[in-house]
Each structure stands twice: as C-alpha cells, then as structure tokens.
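Take a look at the structure below.
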Amino acid sequence: MQCKVLLCLYFLTIIKHVSPTEVWVRPHTSALLPCSISVPPVGDSLLGISWTFNGSHIASFGTTDDNHVDKGFSWDTSLFVNGTFSLTLLNATLDQQGVYECQVRYNVSELHSSNVTLDIKVPPTLSIPTTMVVLDVKSELHCIAEGFSPPLIYFSWTRAGEVVQLEQAVTAVDRTPEGTYWAVNILKFIPLVDDQNVIYGCVVTHAALDKLLSLEFQLSFVYLPTVTLSAMPLPSRDSPLTLSCDIEGFYPEDVSVSWLQNGTELPAPLLSESGPDGTFRTRRYYTLSPEQRELAGEVECVVHLPSITEPVVTSAALADIDPIIETQTALTKSAKASVALMCISLVLVFLLCFGFSWRRRDAPPKVSEIQLTEAGDDSSVVTLTTQALCFHPDIITFRWFCQGGELSPVASQALSAPRPDTQGFFSAMSQCKLPRAELEHGGTKVWVSVHHIALKHPVTRETRGFIKRPNVSEIISSASFPGQHLTLGCDMTGFYPPGISVTWLHLREGEVDDREEEVIEGGEVWGPLLSGPSTYRANATLRKRGTNEEKESAGGVVCRVEHCSLEEPIERRWRNILIGTCLSLVYIHVM
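Counting with mature numbering (1 follows the signal peptide of the UniProt record, and there is no 0), you get residues -20 to -1, 1 to 571 for the letters of the sequence shown.
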C-alpha cells in the first residue's frame, strides 16, 4: 500500500499539459496520433487512458467505461507500461480532420493531457475556364485550383517558359462539397500580336505536391465586330418600323444580339453567314410597333461575344433614323449625268484597288506532311515538323496530338511566327518532339491540326512514325540447264523497321497457291542491311539443282514478302520454271 502511495506522489510531480501536436497525412492512409509520458515501468491495473474526438470517446482503457477502441482505430496496449498511449487511425478521411484529446490517469488522478490536430493533405487540380482574349484589349485569364487541403496555396503565371506574374500566396476559404478547398487566381494583361501560338502556363505550389503543378495552354483570339444601326424607311408613323443592325468582322461565329429601347430589353429575333475574309456577318432586324415607335428616344444594338465581358454597343436616336417625311430632290439631266460619271469613276477606282488586294484575301494554308528527323546529338528523340504555306491573314494555330493527349509545340517563336513573302502571303512552321522508341514500330499515331479563318474545317496531317513500305523487285533468274543449279533472286529495298518475312512457293499450272510446302533447302536471305537514314534493304535467293527424273511440267514460283507496313503481302511471280518440290523460305528479323 505504501508503494502505491509513493508511486501516486511521484506521478503527481510529473503531471504536465503538453502543447498541441499537428499531424499531416494523405487521404486513405494511416495516421499515428502520438501520446506518451516518461515514467518508470508500472503495472496497468491503475492506469486509465481515454481518447476523445468531437466530444465522443473513440478509445478507452482501465476507465469506468468498458475497454474499447472504435472501428477504424487501433493501439498497442503492451506499450502502456512504458508510457506510450499512441492511437493509430487506419484510414484517414476528410471528415476525420480535427482535434483529438488524449488523457492519462493513474489511480483516478490526471497524469497527462494533450491534443493532437489531424489534417489531411490533398493535392489540387487545375483548370482554365476559357482562353479567349481580345487583341489589344485588357483581358483576364482565370486559373482555378480545386480539391486541395490545407487551404494555403501559391499561384504564378508563365509565358513561353518565363515568369510573367510572381508567386502569390492565397489562403482559400471556399470549400467543395467534399470538404476540400478551391481558389481562383487572375492574370490581367493586354494580348498582343506576338502572343499568337505562345504557350502560357498557370503554375501552383502546394504542401501536398512533390513538385510544381503546371497547366499550359495557348490563347484563342476574338475579333470584335463593327456594328451599324439603321431603320427601314416607311411612309407613315402609323406603320411598323423595322430596325437594321449590321454586324461585321467578328470571330468566332457564335454571337448573340439583343435590342433595347430606353434601356429596356426588347423581345428577340436570327443568324450569321461567312464573310470573304473568314469572319462572319449578320443583319438583325427588329420591328417597332406603332406604340414603341411613338415612344421615340434612343435605341441600341448590343452585341455579346462568348467569354468577353464587355459587349459591343452602338446607339442612335429614333428621330435621326426614322424618316417620316421623305423629301425628294429633283435633279437636272446634266446633274444626273455628272452623278453617274462620278459613280462610274468611283467604281473603277474601287475595282482597281480591289483587284490588287483580292489575291491575298482569305487564302487558306497549304499544309505539308509531317517530317521526322533525329534531334541533333540526341538520337533517342525525334523532331516532328510541319509547315503551312501561302496563307492570309497571318493568324494561324497548330495543335499537336498523340494517342495519349495533346502535345506542346517546341519550335522557337522566331520559327513558329508567320513570315510574309514578297506577294503578301505568309508561311509558318511548327514542331514537337517525341521519344524515338514510340515512333520506331508505328505503334504511336501522331497528328497535327492546323486552324485558320480561311478554312471551314481544320487541316489534319498524321504519321505513325518511322515505318516504310518495302519496294520489291521482279524475280530475276539465271539460265537453267538440266542437271545445273537454278537461281532465283528478289530484292527488297527502302523498308523500316528491319523485320521482314520472305516465303518461296511453287505454283503448278492452273493452280492458285492451294498446295504449299515449306522449303527444306536452297533458300537464303542476305540482310537486312542499313542503306540510308532509317531504311534497310535485303536480297532473297532460291537455288535448286534440277534432276532428269523430275517431270517436266509448266508452272511457276511465287516470292511472297510480308512486313508490318503492309496490310497485304506483296507477291512477285515467275512462270515457266521446272522445279520438283514446293519450296518455302521464311526469314524473320527481330529488333
């Protein structure tokens, strides 16, 4: 009894409240919630340990409650005698974040109390709602990071690999339905012509990321229209008035038009047609009732383009565009002749100017096939290049894709920027790089999509990499006499990869390869040998000694060539040959 009293006195001297501990883990991993004190080894009969979370007991030992551990938690009771009372959370989820309290009692007296704060680390995902901007007009790009925890996150922006907006710290306050955070960062800038085909990027740093997270994209340019408002002339004020709104020079095609009278929106009318320069035009009408016409005042034509905050607006006073009285001015014959002559002169001048500029207007690009070259000193990387020639105007976009998703162009701005020629047309090129191993056997499909306002649909060029069909020669034979060797030869050139199969077959008179036997002897293949950059050649020969006992019958020999670039084998035939057995030779080269 005296021993127990002394132990109690000792434990009471070391009672202390420990400062809170913070534990960070990733979702669906185990988390150790620490709780320990320094004591000499003691029996656990007088110990009482409890863990609570949000006011509820999740684990207890030696207390008035039954000894228990909630589902999803565990602890090692054998360590209690050494002063270790840590609790393990087996599968941490977002709803289990918070403060956990550990209390240790000895003989009913509180010996230790500490708090552990559990937080979950979740990496963010990035998205750019829209990349549309207006040339030479102040624009905004929004970068949304969502689904992350803890709430502190850092944003920065890059242009062509260079930082254009320094890192900004954001402490998110908005939460998703799942309990994680989301935040938005905005890049404000004025897009210039030099920004065409330039890679922009939103870069994020977060505690749950092992490295920087970046989302790259190219800008999509919007052309604002010119808007003209007018009215259709009518004889009297009692007639309905039709308003005309001409909208020209806008891009892309999607546009909406609304009508307002004295600031109040009028109920709506339709549609666009393509203009000669690749933009669109439309004329929208609105007929005012006699009552609306009587209101007079100001009318406006408001044009909204997608992803553009400020609409294009033009307005006019009804008194200026609603001619109630039509005045007619009588012209003398000489005046009419002068006006006609002046109009003819203006038309001739217009046609002359128009003739010079027409050739350059609305010229679609001529797009080359994709060229594959090895990238300098690094033979493991292949550069894919395509060119667009003779296009106008100079706005063009190249987008590279492979079966795994979209690729980023690697050509410098000096190479990818459109370049004018002496006739006013433009040319441009684009490049991307891929590992050579992905292109060697034709297993990876790569394609480029070229967009231009003179094209109704994008032009696409594709390649499956370094895969080339063999050129197979006709069968060449040596002179044959009874009892001497008969030699047949067939050349295969210009193929890639080097794996190729050659089969010799005997064709009897009137038969179509329905009875074939493998060659036992007499066939050889020389190669494949490298004959040029990524091309091979090979030579197949068949030698057979003739015998006087064989039946002299007309027939032929077939050389069948198979390669991964061919959907069907290539066959070459040689007729009127005496050969006693069906012969077959197969050569397969494995990379």
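Where a beta carbon is used, it is the ideal one built from N, C-alpha and C, also for glycine. Note that the structure is predicted; figures quoted are calculated from it, not measured.
Exercise. How big is the Cα-Cα spacing for lysine 51 and leucine 189?
Worked result: 30 Å
For this session: Could you tell me the distance, in whole angstroms, from the CA atom of tryptophan 239 to the CA atom of glutamine 77?
Result: 54 Å
Exercise. Could you give the distance in angstroms between the alpha-carbon of arginine 140 and the alpha-carbon of glutamine 176?
Worked result: Per the sequence shown, the amino acid found at residue 140 is alanine instead of arginine. If I take the Cα positions, the gap works out to 11 Å.
Problem set entry | Supposed contact pair phenylalanine 65 and isoleucine 29 - C-beta distance, whole angstroms, cut 8 Å | 5 Å
For this session: Quick one: using the 10 Å Cβ neighbour count with 16 as the cut-off for buried, is glycine 445 buried or exposed?
Result: buried
For this session: Taking only runs that begin and end inside the stretch 194 to 247, name each unbroken beta strand (DSSP E) of 3 or more residues, in chain order.
Result: 200 to 202, 206 to 211, 221 to 230, 236 to 241, 244 to 246
Exercise. Looking at serine 407 and alanine 343, is the spacing between their C-beta atoms short of 9 Å?
Worked result: no
For this session: Provide the residue span of the alpha helix (DSSP H) that contains leucine 132, from first to last.
Result: Where leucine 132 is concerned, there is no enclosing alpha helix (DSSP H), although the beta strand (DSSP E) it sits in stretches over 132 to 139.
Exercise. Does the distance from the C-beta atom of threonine 206 to that of isoleucine 433 stay below 9 Å?
Worked result: no
Exercise. Does any CB atom of chain D fall closer than 9 Å to the CB of serine 407?
Worked result: Chain labels in this structure do not include chain D; a single protein chain is all it has.
For this session: Provide the residue(s) that pair with leucine 106 in DSSP beta bridges, ordered along the chain.
Result: Ala125
Exercise. Quick one: any contact between the stretch 176 to 187 and the stretch 125 to 134, if contact means 3 or more CB pairs under 8 Å?
Worked result: yes
Exercise. Where does glutamine 411 land, buried or exposed, given buried means 16+ other C-beta within 10 angstroms?
Worked result: buried
For this session: Please confirm whether glutamate 542 and valine 482 have their CB atoms less than 9 Å apart.
Result: yes
Exercise. Taking the C-alpha atoms as reference points, what is the distance between proline 537 and valine 505?
Worked result: According to the sequence as given, residue 537 is valine; it is not proline. Their backbone Cα atoms lie some 17 Å apart in a straight line.
Exercise. Any idea what DSSP makes of glutamine 272, helix, strand or coil?
Worked result: helix
Exercise. Looking only at its own chain, which residues have a Cβ that is under 6 Å from the Cβ of isoleucine 166, when we skip the five neighbours before and after it?
Worked result: Glu120, His122
Exercise. Is threonine 521 buried or exposed, if buried means 16 or more other CB atoms sit within 10 Å of its CB?
Worked result: buried
Problem set entry | Beta-carbon proximity check, glutamate 196 vs serine 388, cutoff 9 Å | yes
For this session: Would you mind reading off the limits of the alpha helix (DSSP H) that contains glutamate 442?
Result: That residue, glutamate 442, is in no alpha helix (DSSP H); its beta strand (DSSP E) goes 439 to 443.
For this session: Give me the Cα-Cα distance between isoleucine 227 and aspartate 234, rounded to the nearest whole angstrom.
Result: 12 Å
Exercise. Is DSSP giving glutamate 454 helix, strand or coil here?
Worked result: coil
Exercise. Going by DSSP, what residues sit across from serine 481 in a beta bridge?
Worked result: Glu542
For this session: Can you say whether phenylalanine 475 is buried or exposed, counting buried as having 16 or more other CB atoms within 10 angstroms of its CB?
Result: buried
Exercise. For the beta strand (DSSP E) that contains aspartate 99, what are its first and last residues?
Worked result: 89 to 100
Exercise. From what residue to what residue does the alpha helix (DSSP H) around alanine 188 run?
Worked result: No alpha helix (DSSP H) contains alanine 188, which DSSP labels as neither H nor E.
Exercise. Between the C-alpha atoms of threonine 440 and isoleucine 350, what's the straight-line distance to the nearest angstrom?
Worked result: 10 Å
Exercise. Per DSSP, lysine 51 is paired with what?
Worked result: For lysine 51, which the question treats as bridged, DSSP gives no partner whatsoever.
Exercise. For leucine 485 versus arginine 523, is the C-beta spacing smaller than 9 Å?
Worked result: no
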